Amino acid sequence: MPEQPAQPRTTIVGEGRAGLPISRVAVFAGLTLFGVTAAVPFVWQILMSLATLTDVDLLTQTGFPPTLLPSNYGLVFERVPFAKYFFNSFFVAGWVTILQVITCAMAAYAFSRVQWPGREKVFLLYLGTLMIPGVVLMVPNFAVVLGLGMFNSYWGLIIPGAFSAFGTFMLRQFMLTIPTSLDEAAAIDGAGHWRIFTEVVLPLARPGVIVLAIFCFLGNYNSFFWPLILVKDVNLRTLPLGLLVFDSSYGRETPLIMAASLMAMVPPVVIFLLLNRYLVKGIQLGAVKG
Amino acid sequence: MAQVVLRNVGKVYDRKVRAVEGFNLDIRDGEFVVFVGPSGCGKSTTLRMIAGLEDITEGTVDIGGRVVNHVHPKDRDIAMVFQNYALYPHMTVFKNLAFGLMLRKMPKEEIRRRVGEAARLLGIEQLLERKPKALSGGQRQRVALGRAIVREPQVFLFDEPLSNLDAKLRVVTRTELKNLHQRLRTTTIYVTHDQEEAMTLGDRIVVMSNGRIQQVDTPLNVYRRPVNRFVAAFLGSPPMNFVEGTIAREGQRPVFVGGDWLRLALPADQPGVAADLARHEGRPLVLGFRPNAMSEHAAGKFAPPGGGNALRLATTVVEPLGDKIDVSCQTPAGQRLIARIDARDNFPAGQTIEFFLDPEHVHVFEPGEFGPNILRPPA
Numbered sequence: 001m002p003e004q005p006a007q008p009r010t011t012i013v014g015e016g017r018a019g020l021p022i023s024r025v026a027v028f029a030g031l032t033l034f035g036v037t038a039a040v041p042f043v044w045q046i047l048m049s050l051a052t053l054t055d056v057d058l059l060t061q062t063g064f065p066p067t068l069l070p071s072n073y074g075l076v077f078e079r080v081p082f083a084k085y086f087f088n089s090f091f092v093a094g095w096v097t098i099l100q101v102i103t104c105a106m107a108a109y110a111f112s113r114v115q116w117p118g119r120e121k122v123f124l125l126y127l128g129t130l131m132i133p134g135v136v137l138m139v140p141n142f143a144v145v146l147g148l149g150m151f152n153s154y155w156g157l158i159i160p161g162a163f164s165a166f167g168t169f170m171l172r173q174f175m176l177t178i179p180t181s182l183d184e185a186a187a188i189d190g191a192g193h194w195r196i197f198t199e200v201v202l203p204l205a206r207p208g209v210i211v212l213a214i215f216c217f218l219g220n221y222n223s224f225f226w227p228l229i230l231v232k233d234v235n236l237r238t239l240p241l242g243l244l245v246f247d248s249s250y251g252r253e254t255p256l257i258m259a260a261s262l263m264a265m266v267p268p269v270v271i272f273l274l275l276n277r278y279l280v281k282g283i284q285l286g287a288v289k290g
Numbered sequence: 001m002a003q004v005v006l007r008n009v010g011k012v013y014d015r016k017v018r019a020v021e022g023f024n025l026d027i028r029d030g031e032f033v034v035f036v037g038p039s040g041c042g043k044s045t046t047l048r049m050i051a052g053l054e055d056i057t058e059g060t061v062d063i064g065g066r067v068v069n070h071v072h073p074k075d076r077d078i079a080m081v082f083q084n085y086a087l088y089p090h091m092t093v094f095k096n097l098a099f100g101l102m103l104r105k106m107p108k109e110e111i112r113r114r115v116g117e118a119a120r121l122l123g124i125e126q127l128l129e130r131k132p133k134a135l136s137g138g139q140r141q142r143v144a145l146g147r148a149i150v151r152e153p154q155v156f157l158f159d160e161p162l163s164n165l166d167a168k169l170r171v172v173t174r175t176e177l178k179n180l181h182q183r184l185r186t187t188t189i190y191v192t193h194d195q196e197e198a199m200t201l202g203d204r205i206v207v208m209s210n211g212r213i214q215q216v217d218t219p220l221n222v223y224r225r226p227v228n229r230f231v232a233a234f235l236g237s238p239p240m241n242f243v244e245g246t247i248a249r250e251g252q253r254p255v256f257v258g259g260d261w262l263r264l265a266l267p268a269d270q271p272g273v274a275a276d277l278a279r280h281e282g283r284p285l286v287l288g289f290r291p292n293a294m295s296e297h298a299a300g301k302f303a304p305p306g307g308g309n310a311l312r313l314a315t316t317v318v319e320p321l322g323d324k325i326d327v328s329c330q331t332p333a334g335q336r337l338i339a340r341i342d343a344r345d346n347f348p349a350g351q352t353i354e355f356f357l358d359p360e361h362v363h364v365f366e367p368g369e370f371g372p373n374i375l376r377p378p379a
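Quick mapping for you: the protein sequence lines, in order, are chains H and C.
Under my numbering, the first residue of the first sequence is numbered 1, with each subsequent residue one higher.
Under my numbering, the first residue of the second sequence is numbered 1, with each subsequent residue one higher.
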């Protein structure tokens, strides 16, 4: 019996070999141009973050600050409770992510694996909410949160984000690609819905869950408008709000803004580097599976 | 182990589409029953109703003396092997086998013993730490089988378990399955669209079409005595030949007349048959005979007393199979027939040749796809 594990090996003829030199040069030149264009703003940001307040305005002429001021980074922490902002951003984005993943996964299971009357219609209704711009929802959300006594609190920052129609939609699409015979096998093996959800469907939907978690975390980590209208207490401010402190009516402290935003960027970049293969998968999810 | 009894079982989807109708069957304890039929005939639906994966619209399903219509699949004491195996991709082979036992809160020691035993039986002990992705098709099939065995259920349900294997492996696994059943003696219901699989595996086979049972009998009886034209055409490869004609009388003997080229004296010595034939005299009928009921030699069973069983046919294509050859022929009326005869070198294609028909192995059907077999001797 041929009992070798079936491992697909694909060889594309010509792959790995040098193609026509001219076309390759053109491709690399184009890619380099894109790369540089993308990198310039960041380099510029780093330079500004190291300049003095007076040098910043001259930077377009000099191209490089005459005196480097790494102390700008320390100054950010002295001027505002920046560590607290960091914590707030992590705390809020973390909780929103955890809650959203749980609620969306459960809803997605109900919409993809459980047969119940009116399922497709209710799902369409869900999708319909995606058509409403987020800004339009600000006022009713604010009223609700106010009514629930969550104004100016972590609760108010977290609870409205604990559920998302988009996340439900994404995970549902992912779960639809998992064969239903697995549920059936598990049901015969003795599992009820909860077991099937936690031990079969959820582990298999892991790539989708991770993508949702990344999207969700990054989105909330960067969220600005909702915290702006909801939070009055300085100690509840998230990072994007914190950056605003340096741009007040008394003047704009560009080097400090740049230093602070550069530090604020570190977690998303690290997350991207660690999990970028899942993100790529997530983008393919929409493209291929439909 | 248990009996399975289906009474008037029916399935209607969305109050419109009827998938199964009036399904009655008694499956004995330890029996191996095969549901066979073309796709869409309702065989898988029936199996899934027994498993509890589909609601039963009408009738009752009884497993081991208990009506299970509203019993959850996990409480029916059955195990099922799926066409795509349905192994949990994120679990090792061991966990795949043990999952059902863990859910039943069986002691760890007992789980290890049962999994070990099943793995030994199937020769997959060295694979227990692997994930399904790292297994070949045949190995996955065995793991799926193992998952059913460890549960020691009352009934095994198989839903086309061999159709994802290549032809060679399918035949080997088929034999192993039969061997396994002979050792375990667990009541087994097996669904397939492959008539060869049905013939080789089943103690009894259930031929289905359009949601209805056409015939239930042992493989050889179904092959030899098909109740109607559908069953006759479905079982056997190459399929049975059919020729339209009528029954006439020559002296005392009934004769099947097909156009001006076929006059076949029918055997009418069995009780009741002569009367049956007489009743159909002059009406349009269909003669059926299998390719191996033809020969190029008028000898032995192909040489009935009085003769009258010769067919002159134009050969078109000759396909050697080893010890036999399949000869495609054309009747003077332009109809295509297939003869399976003993192999010999240089069999001529494109010539008119005389063939002889074994009159003991012909069937006469009423017209239509499901026309009853009027020559079928009573069982």
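Even glycine gets a Cβ: it sits at the ideal position worked out from N, Cα and C.
Just so we're clear, the structure is a prediction, and the values are computed from it rather than from any experiment.
- Of all alpha-carbon atoms in V101(H), V40(H), D57(H), Q61(H), the one lying nearest the alpha-carbon of P207(H) is that of V101(H).
- For the stretch 84-108 of chain C, the set of positions with a beta-carbon nearer than 7 Å to some beta-carbon of chain H reads N84, A86, Y88, P89, H90, F99, G100, L103, R104 in chain order.
- For the stretch 181-210 of chain H, the set of positions with a beta-carbon nearer than 7 Å to some beta-carbon of chain C reads S181, L182, E184, A185, A187, I188, D189, G190, A191, R195, V200, P203, L204 in chain order.
- Using a Cβ-Cβ cut-off of 8 Å, I213(C) is close to nothing in chain H; its nearest Cβ partner there is about 25 Å away.
- Straight-line measurement puts the Cα of R147(C) at about 9 Å from the Cα of F94(C).
- Against chain H, the CB of M80(C) has a partner CB under 8 Å away; the residue lies at that interface.
- I205(C) has V34(C), D217(C) as its beta-bridge partners, per DSSP.
- Rounded to whole angstroms, the gap between the alpha carbons of Q335(C) and T173(C) is 39 Å.
- Less than 8 Å divides the Cβ of Q154(C) from the Cβ of I63(C).
- Between the stretch 174-183 of chain H and the stretch 200-216 of chain H, the count of Cβ pairs shorter than 8 Å is three or higher; the stretches touch.
- In the DSSP annotation of this structure, S328(C) is not part of any alpha helix (DSSP H); the continuous beta strand (DSSP E) holding it starts and ends at 324-330.
- A232(C) places its beta carbon less than 8 Å from that of H363(C).
- Among the residues facing chain C, P179(H) is included, as its CB has a counterpart in that chain under 8 Å away.
- The beta carbon of P73(C) falls within 8 Å of a beta carbon belonging to chain H, placing the residue at that interface.
- At a cut-off of 8 Å between beta carbons, L53(C) contacts chain H.
- By the Cβ test, the stretch 34-46 of chain C is in contact with the stretch 192-212 of chain C, since at least three Cβ pairs between them sit closer than 8 Å.
- In the three-state reduction of the DSSP assignment, G30(H) falls in the helix class.
- In this structure T238(H) is in contact with S89(H), their Cβ atoms being roughly 4 Å apart against a cut-off of 8 Å.
- S39(C) sits in coil when the DSSP states are folded into three classes, being neither helix nor strand.
- In the structure shown, L148(H) adopts coil according to DSSP, grouped into three states.
- Looking at A105(H), M258(H), P179(H), the one whose alpha-carbon comes closest to that of A162(H) is A105(H).
- Shown here for E125(C): same chain residues with a beta carbon closer than 8 Å to its own, the five before and five after excluded, namely G116, A119 in chain order.
- About 12 Å separates the beta carbon of F23(C) from that of I189(C), a gap too long to meet the 8 Å contact definition.
- Per DSSP, the unbroken beta strand (DSSP E) holding Y190(C) starts and ends at 187-192.
- CA-to-CA, the gap between T187(C) and D29(C) works out to about 6 Å.
- DSSP assignment within the stretch 61-118 of chain C yields the following whole beta strand (DSSP E) runs of 3 residues or more, N-terminal first: 78-81.
- Taking one beta carbon from each stretch, the stretch 214-222 of chain H and the stretch 122-141 of chain H have fewer than 3 pairs nearer than 8 Å; the two do not touch.
- Here DSSP, grouped into helix, strand and coil, assigns D57(H) to helix.
- Two segments are said to touch when three or more pairs of C-beta atoms, one from each, lie closer than 8 Å; by this definition the stretch 234-241 of chain C touches the stretch 280-290 of chain C.
- Annotation for D26(C): the continuous beta strand (DSSP E) segment containing it runs 17-27.
- Collapsing the DSSP output to three states places G258(C) in a strand.
- Contact check between the stretch 70-83 of chain C and the stretch 245-256 of chain C: fewer than three CB pairs, one atom from each, fall below 8 Å, which does not count as touching.
- Ranked by Cα distance from D276(C), the options P254(C), A299(C), E196(C) are led by P254(C).
- Residues V92, W95, V96, L99 of the same chain have their beta carbon placed closer than 8 Å to that of I158(H), with the five preceding and five following residues left out of the count.
- Under the DSSP assignment, A314(C) falls in the beta strand (DSSP E) whose first and last residues are 310-320.
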